[in-house]
Structure formats: structure tokens, C-alpha cells
Amino acid sequence: MSADPVALTRALVRCPSVTPAEGGALDALEAVLRPAGFAVDRITFSEPGTPDVENLYARIGTEAPYLLFAGHTDVVPPGDAAAWRHDPFAGEIAGGELYGRGAVDMKGGIACFLAAVLDHLAANGGKPQGSVGFLITGDEEGPSVNGTVKVLEWVHARGERFDHCIVGEPSNPQALGDMIKIGRRGSLSAIVTVEGRQGHVAYPDRAANPIPVLLDILARLTERPLDAGNAHFQPSNLAITSVDVGNAATNVIPQTATGRFNIRFNDEHTLDGLKAWIEGVAAAAARPGITATVTWARGNSQSFITKPGPFVAMVSEAIAEITGRQPELSTSGGTSDARFIKDYCPVIEFGLVGQTMHAVDERVPVADLMALTAIYRRIIDRYFAG
Ligand SMILES: N[C@@H](CCC[C@H](NC(=O)CCC(=O)O)C(=O)O)C(=O)O
Ligand SMILES: [Zn+2]
Ligand SMILES: [Zn+2]
């Protein structure tokens with residue numbers, strides 16, 4: 001691998017690292033980072049009930065300021081490979097675009113930052129005026145249990161401290177330079193289990209049907225908007241994701257009904273406040289002989305925002321200089337591993353254009369790879385120029 005972001009992206013796309021498989025992607029990064037002078041650690045974390053996950057942490061320099069780049073080499077499955085114009089793991093270039101799973105989300109972003117760092121080091125005697133690090137996980141598209149969150153704890157326990165972090169997720173909706181993510185809404189996933197008593201549909205007095213209670217709970221939770229949004233965040237929303245009864249019979253009232261939902265919430269709410277509200281609604285809907293209990297999924301997170309300041313201004317300026325666009329500072333969309341990093345240092349997200357992420361024919365214009373590398377290079381140069 002070289003400092004060419006296109007060759008780096010191709011090499012990474014050719015690694016079939018469908019989450020949680022490493023697929024050779026971390027090996028490929030290590031093979032470039034070590035000769036460039038980075039100290040590289042490969043760390044595997046495990047936890048019962050979740051897949052083992054390989055992660056990579058690399059650092060060059062021992063001094064402050066410390067600029068960390070964070071990302072993931074795991075990718076979502078390609079789906080039906082035959083539906084793709086080009087093999088999702090071949091890294092083909094056609095019509096000026098590089099095709100493949102992970103091209104924008106986010107092997108391309110990693111390749112651009114790596115190429116930019118190598119160029120910066122080559123122009124500065126092989127060492128930064130501070131430290132540059134890579135925190136690369138294989139668990140962003142998976143449960144997010146054995147990835148970034150644990151690597152951060154591991155690095156912190158060694159006494160290392162970051163000053164700023166850039167996450168290379170595809171932050172731009174339409175064109176490179178559109179948007180920097182300076183925060184994210186929180187995420188809360190819940191499971192409501194309603195237990196009644198099974199019985200014959202013709203003798204409902206002998207049974208206790210959990211389904212109307214579950215429907216009542218879900219209706220109460222969705223009857224009004226959670227808020228109208230505010231200057232920093234879009235409105236919160238609650239999406240019902242599943243209603244499960246598993247009853248194939250037409251003449252049986254079932255014992256149990258389960259509902260699942262996810263709330264994406266802004267800073268008008270807290271995790272604890274939402275949990276108390278949901279538990280209150282569930283308790284109020286219970287009826288004689290019917291109970292409703294709520295359990296919480298893993299990985300729930302608060303909303304956060306990185307207040308604009310000199311770092312965000314410097315990044316915005318670099319983007320505007322290369323692309324001619326003044327990036328919007330936004331907290332829109334889903335969540336990311338920045339939700340873990342924000343506990344350690346100010347974090348922003350800037351990467352490629354996300355239009356084709358997770359889709360068939362995921363692809364990135366070669367011109368975008370060159371432009372993003374130029375942006376990252378300018379950011380790194382300015383960061384270490386003080
Ligand atoms: N699998 C993890 C994390 C899920 C993160 C996911 N993020 C995106 O889809 C990014 C989209 C965007 O940039 O707007 C999400 O929001 O669900 C887990 O579930 O813990
Ligand atoms: Zn991603
Ligand atoms: Zn993704």
C-alpha cells in the first residue's frame with residue numbers, strides 16, 4: 001500500500017470485512033502504519049453473547065497536541081452481490097467512481113486520512129509536532145460492545161490523552177464539503193413485554209389478552225410529538241420497530257406480546273427521563289391479570305454536541321478552501337462511535353458523501369477521495385502549525 005488514497009481504498013475494499021470479520025483490513029492498515037513509524041497495537045475484545053472483535057490502535061509521537069482519527073473497517077453485508085454493477089469486494093473503478101462495500105462507509109475515509117498523514121510526515125521529517133493516532137474498530141456496524149468504547153478505556157488506562165478527534169464517517173449528504181457533524185442525537189432502544197393468560201377466543205373471560213394492552217402502550221407513546229426540535233437538534237422521534245406475538249392459531253388468545261421501539265432524542269430529553277416516562281406509561285396500561293415490563297437494549301446513549309470553537313472553525317476553513325463550500329454544522333441523522341469519544345475529547349465527524357452507504361452499488365468518486373485527502377492534509381498541517 002502507498003500514500004495514494006485510491007490504492008489504499010481499493011486495498012481496503014478488497015478485504016471482505018463484513019462485521020465482525022477482520023477480513024484482512026486491519027492487517028492492511030498495519031502494513032502501512034508500522035513502516036511509517038507508528039506504534040501499532042492490535043486488541044481483541046470479547047464479551048459473552050457478542051462476537052469477539054479485533055481493533056487497531058496506532059500512534060506516532062509522544063507529545064501534545066494529540067489528534068486522533070477514529071473509524072471502522074467493518075462493513076454491512078453487500079446483500080445480493082449479483083445486484084451490484086461490480087463485485088462489492090473487487091474495488092473496481094468505472095466512470096471515475098470506485099465501487100465496493102465500504103467505499104464511503106468508511107474505508108475511503110480511513111484511506112484519505114492515512115494518505116494525508118503520510119504526506120504530512122514526509123514533508124515534516126517523518127514526525128508530527130505532537131501526536132497523531134488511529135483508533136480503528138471492527139465493531140461499528142455490529143453491536144458496538146467490543147469496539148471503540150473498550151479501546152478508549154484501554155488507551156485511557158495507559159495514561160494517554162487525546163486533544164481532538166475526527167471521525168471519518170460519511171458526514172456529507174450531497175456533496176463533499178456540505179456538512180460537519182458536531183454532535184448527535186441520543187438513542188434509546190426498548191422492549192416492552194406484556195404478559196397475559198392464554199385461552200380460547202370463544203371464552204375470553206377465561207383468558208387475559210396482552211395484545212390490546214401492548215397496542216395501548218404503543219399508542220400512548222406515539223400519540224404526540226416528543227418535541228419540536230431546537231436550534232441545535234432536529235425533533236426527537238420514536239419509531240416502533242417490531243410487534244411480535246408469534247401466534248399462528250386463529251382461536252387462541254396468546255400469553256405474551258412484545259413490542260420494540262427506538263427513540264432518537266435531542267437535548268430536550270435525557271436517557272433517565274425517557275426511561276421513567278416509558279415505565280410510567282407501561283405501568284399505567286397494566287390491567288388485572290396483565291403485566292407490562294420494559295427492558296433496555298445495549299448501547300443506549302445521550303445526545304451530545306461539540307460546541308463550535310477554534311478547532312471546528314479551523315476544520316470548516318480547510319473544507320471551504322478546498323471545496324468552495326461552507327459546511328453546515330449539524331447534529332442530524334443517526335448516531336456513531338463519536339457518542340463514546342465525546343467523553344474523552346472534543347469530537348467532530350467529517351468524511352465522504354453518504355448517498356450510497358449501506359446500498360447496492362456503494363461507490364465514491366475518485367475525485368472525492370483526492371479532495372478529502374487534500375482537506376485532511378490541510379487540517380493536519382494547520383493543527384500542528386499551532
Ligand atoms: N450498530 C451500532 C451503531 C449504529 C449506528 C447507526 N449509525 C448510522 O446509521 C449512521 C447514519 C448517519 O450518519 O446518519 C445508527 O444511527 O443506528 C449500534 O446499534 O449500537
Ligand atoms: Zn460508518
Ligand atoms: Zn454504516
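In the UniProt record's numbering, the protein residues as written are 1 to 386.
Quick reminder that beta carbons are idealized off the backbone N, C-alpha and C, glycines included.
Remember, predicted model here, so these are calculated numbers, not experimental data.
Tyrosine 99 versus glycine 299 - alpha carbon distance: Here residue 99 is taken as the residue at index 99 of the sequence shown, counted from 1. Here residue 299 is taken as the residue at index 299 of the sequence shown, counted from 1. For tyrosine 99 and glycine 299, the distance between alpha carbons rounds to 31 Å.
CB contact flag (valine 294, valine 252, <9 Å): Position 294 of the sequence shown, counted from the first residue, corresponds to residue 294. Position 252 of the sequence shown, counted from the first residue, corresponds to residue 252. No. Outside cutoff.
Residue of Pro210, Ile136 and Asn124 minimising C-alpha distance to phenylalanine 384: Residue numbering aside, residue 384 sits at position 384 when the sequence shown is read from its first letter. When each option's Cα is compared against that of phenylalanine 384, the closest is Asn124.
Any non-hydrogen atom of ligand 2 closer than 8 Å to glycine 179 Cβ: Within the sequence shown, residue 179 is the residue found at index 179, counting from 1. What sits at residue 179 in the sequence shown is methionine, not glycine. Checking every heavy atom of ligand 2 against the Cβ of methionine 179, none is found closer than 8 Å.
Cβ-based burial, proline 20 [other Cβ within 10 Å; buried from 16]: Here residue 20 is taken as the residue at index 20 of the sequence shown, counted from 1. So proline 20 counts as buried.
heavy atom of ligand 3 below 8 Å from histidine 86 C-beta: The residue given as residue 86 occupies position 86 in the sequence shown. Of the heavy atoms belonging to ligand 3, none sits nearer than 8 Å to the Cβ of histidine 86.
Those residues, in chain order, that have a beta-carbon closer than 5 Å to some heavy atom of ligand 2: Per the Cβ criterion, the list is Asp105, Met106 and Glu169.
Reduced DSSP category for lysine 181 - H, G, I as helix; E, B as strand; rest coil: For the purposes of this step, residue 181 is identified with residue 181 of the sequence shown, where counting begins at 1. DSSP places lysine 181 in strand when its eight states are reduced to three.
Under the three-state DSSP convention, the category glycine 362 falls into: Position 362 of the sequence shown, counted from the first residue, corresponds to residue 362. Strictly speaking, residue 362 in this sequence is glutamate, with glycine absent from that position. Reduced to three states, the DSSP call for glutamate 362 is coil.
Continuous alpha helix (DSSP H) stretch holding tryptophan 154: start and end: Translated into the one-based positions of the sequence shown, residue 154 becomes position 154. Start and end: 148–157.
DSSP three-state assignment for serine 316, whether helix, strand or coil: The residue labelled residue 316 in the question sits at position 316 within the sequence shown. Serine 316 carries a helical assignment under DSSP once its states are collapsed to helix, strand and coil.
Cβ-heavy atom distance, valine 312 to ligand 3, below 8 Å: Position 312 of the sequence shown, counting from 1, holds the residue named residue 312. Checking the 8 Å criterion, the Cβ of valine 312 is out of range of every heavy atom belonging to ligand 3.
Integer-rounded CB distance, given that valine 104 should sit under 8 Å from leucine 372: Start at 1 with the first residue of the sequence shown, and residue 372 comes out as number 372. Start at 1 with the first residue of the sequence shown, and residue 104 comes out as number 104. Your pair leucine 372 and valine 104 does not check out as a contact, with CB atoms roughly 10 Å apart and the cut at 8 Å.
Glycine 333 beta carbon near ligand 1 (any heavy atom closer than 8 Å): The residue labelled residue 333 in the question sits at position 333 within the sequence shown. At least one heavy atom of ligand 1 sits closer than 8 Å to the Cβ of glycine 333.
Assigned secondary structure, glycine 91 (DSSP; H/G/I helix, E/B strand, else coil): Position 91 of the sequence shown, counted from the first residue, corresponds to residue 91. Per DSSP, reduced to three states, the secondary structure at glycine 91 is coil, with no helix or strand assignment.
DSSP state of alanine 39 mapped onto helix, strand, coil: Walking along the sequence shown from the start, residue 39 turns up at place 39. Assigned with DSSP and collapsed to three states, alanine 39 falls in strand.
Every unbroken beta strand (DSSP E) within the segment 191–244, with a cutoff of 3 residues, ordered by chain: Here the runs fully enclosed are 237–244.
Nearest-angstrom beta carbon gap, glycine 177 and serine 323 [assumed within contact, 8 Å]: Start at 1 with the first residue of the sequence shown, and residue 323 comes out as number 323. Start at 1 with the first residue of the sequence shown, and residue 177 comes out as number 177. Correcting the residue type first, residue 323 is threonine in the shown sequence and not serine. Contact holds; Cβ gap of about 3 Å.
Coil, strand or helix - glutamate 279 by DSSP: On the sequence shown, residue 279 is found 279 positions in, with the first residue counted as 1. Shown here, glutamate 279 sits in a helix according to DSSP, grouped into three states.
Other residues of its chain near valine 151: CB distance less than 7 Å, five sequence neighbours each side excluded: To locate residue 151, count along the sequence shown from 1; it is residue 151. Same-chain partners within the cutoff: Ile43, Asn55, Tyr57, Leu135 and Thr137.
Secondary structure of threonine 323, DSSP reduced to three states: Along the sequence shown, one-based indexing puts residue 323 at 323. Three-state result, threonine 323: helix.
Glycine 273 - DSSP class collapsed to helix/strand/coil: Taking the first residue of the sequence shown as position 1, residue 273 is located at position 273. Helix at glycine 273.
Distance, arginine 264 Cα to proline 16 Cα: As a first step, residue 16 must be located in the sequence shown, where it is residue number 16. As a first step, residue 264 must be located in the sequence shown, where it is residue number 264. C-alpha separation (whole angstroms): 31 Å.
Buried/exposed call for glycine 334, threshold 16 Cβ in 10 Å: By one-based count along the sequence shown, residue 334 stands at place 334. Looking at its Cβ environment, which holds fewer than 16 other Cβ atoms inside 10 Å, glycine 334 is exposed.
Endpoints, alpha helix (DSSP H) assigned at leucine 114: Looking up residue 114 in the sequence shown gives position 114. Segment 107–123, the alpha helix (DSSP H) holding leucine 114.
Inter-residue spacing [alpha-carbon to alpha-carbon] between aspartate 163 and threonine 62: Along the sequence shown, read from residue 1 onward, the residue named residue 163 stands at position 163. Along the sequence shown, read from residue 1 onward, the residue named residue 62 stands at position 62. Near 13 Å, if we compare the C-alpha coordinates of threonine 62 and aspartate 163.
Under 9 Å between C-beta atoms of isoleucine 93 and arginine 10: The residue you call residue 93 lines up with position 93 of the sequence shown. The residue you call residue 10 lines up with position 10 of the sequence shown. With a cutoff of 9 Å on beta-carbon distance, isoleucine 93 and arginine 10 are scored as near each other.
Between the CA atoms of tyrosine 203 and serine 301 - distance to the nearest angstrom: Within the sequence shown, residue 301 is the residue found at index 301, counting from 1. Within the sequence shown, residue 203 is the residue found at index 203, counting from 1. Tyrosine 203 has its alpha-carbon roughly 45 Å from the corresponding atom of serine 301.
Best match in Pro88, Ala90, Val18 and Glu97 for proximity to leucine 369 [C-alpha to C-alpha]: What you label residue 369 is simply residue 369 of the sequence shown in a count that begins at 1. The closest CA to that of leucine 369, considering only Pro88, Ala90, Val18 and Glu97, is found on Glu97.
Alpha helix (DSSP H) segment containing proline 5, residue limits: The count along the sequence shown starts at 1 and reaches residue 5 at position 5. Start and end: 5–13.
heavy atom of ligand 3 below 8 Å from glutamate 63 C-beta: Stepping through the sequence shown from its first residue, residue 63 is reached at position 63. Not under cutoff, so the answer is no.
Helix, strand or coil at aspartate 52 [DSSP, three-state]: Start at 1 with the first residue of the sequence shown, and residue 52 comes out as number 52. DSSP places aspartate 52 within a strand segment (E or B) once states are collapsed to three.
Which of helix, strand or coil DSSP assigns to alanine 385: The residue labelled residue 385 in the question sits at position 385 within the sequence shown. In this structure, alanine 385 counts as coil in the three-state DSSP scheme.
Cutoff 7 Å; reference aspartate 227; Cβ partners in own chain excluding five residues on either side: Numbered from its first residue, the sequence shown carries residue 227 at position 227. So the qualifying residues of the chain are Pro235, Ser236, Asn266 and Glu268.
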